[in-house]
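Quick notes on the structure that follows.
Residue numbers (the working numbering): 3 to 70.
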């Protein structure tokens, strides 16, 4: 081993750590969306809530107030 291989090894380990964290974050996101998809498939009230909140949709004659 020489000094260059040590630094390369450290760079590779940092990249492995970063990619491992990215995989964990993506796995968590995937699990969230799978759960949400399952809920929306069986619960029409949840679907309506999501549509109203995210897309600011409303029923005819209904007033909607958005607070940010």
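Beta carbons are placed, not taken as given, at the ideal position from N, Cα and C, and that holds for glycine.
Query: Alpha carbon to alpha carbon, how far is residue 17 from residue 46?; Result: 43 Å
Query: Where does residue 44 fall in DSSP's three states?; Result: helix
Query: When you compare the CB of residue 31 with every CB in chain D, is at least one pair closer than 8 Å?; Result: Absent from the structure: chain D. Only one protein chain is present.
Query: So residue 58 and residue 44 are supposed to be a Cβ contact under 8 Å. How far apart are they, rounded?; Result: Between residue 44 and residue 58 the Cβ distance is about 25 Å, and since that is not below 8 Å, they are no contact.
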